[in-house]
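Per the numbering used here, residue 1434 is the first one in the sequence shown, and the count goes up by one each step.
The C-beta atom is built at its ideal place from N, Cα and C for all residues, glycine as well.
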Amino acid sequence: MLITILISTFAPLKPETTKTVDYLKQFVIPFVGLSAGNHQFDFEIDDKFFASFEYSEIKEAWAHVRLDLERQDRMLVLNFTITGTIRVLCDRCLGEFDMPVTGDEEYFIKFGHEHKEEDENVLVISENETHIDIANLVYDYLSLRVPYRVVHPEDESGVSQCDPEVLARIEQLSARKENDSQWDALKNFNPE
């Protein structure tokens, strides 16, 4: 009996289409036939990967993900190494740029009697399971590399790489807004 474990994610997969299912098959790892010890898997992530997730905010990216899977008697230890770039929009000037992403993540899958998530890095699965699907983990790890506030990095001399024309226009509009405030009359109001 083939059972695939889907590990939690922030974004659900798009409704299944043949293309999506075929593309994501590479992220399903049959561990039941693996000998005890270390095994390496390499994945190339591109735009098609993120297009497979319904609410993905990432549209363009390239990344290399190396999975070092250690098969033990009662558990699997998954170590992910991520390197790549994600195309993002600058929150300051709205210009696009490629943001480098790197990182290491560790995840544990234990064998037990029932399926449950012990914490964010530990999943217990049935001893009868034969495969794991790591697509959602990879999606989460890459998505979490994008900071809450994204701005162009500074160059070697400490100067922002934001679009100077856009920044000048924003500053001009902000100055005009301060001078044209509809609330200026209330500044001098004293109810006493």
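What are the boundary residues of the beta strand (DSSP E) that includes Tyr-1540?
1529-1545
Separation of Pro-1463 from Val-1454, as counted between CA atoms
16 Å
May I ask you to report which of helix, strand or coil DSSP gives Ala-1608?
helix
Using the Cα positions of Pro-1597 and Phe-1544, report the straight-line distance between them to the nearest angstrom.
Here the C-alpha atom of Pro-1597 lies approximately 56 Å from the C-alpha atom of Phe-1544.
Does Tyr-1581 pass the burial test, meaning 16 or more other C-beta atoms within 10 Å, or should it be called exposed?
Counting the other Cβ atoms within 10 Å of the Cβ of Tyr-1581 gives fewer than 16, which makes it exposed.
Tell me the residue span of the alpha helix (DSSP H) that contains Ala-1568.
1568-1576
Selected residue, minimal CA-CA separation from Phe-1486, among Leu-1570, Ala-1608, Asp-1531, Gln-1605:
Leu-1570
Rounded straight-line distance, which links the Cα of Glu-1493 to that of Met-1484:
For the record, residue 1484 in the displayed sequence is Ala; it is not Met. Using only the alpha carbons, I get a separation of about 9 Å.
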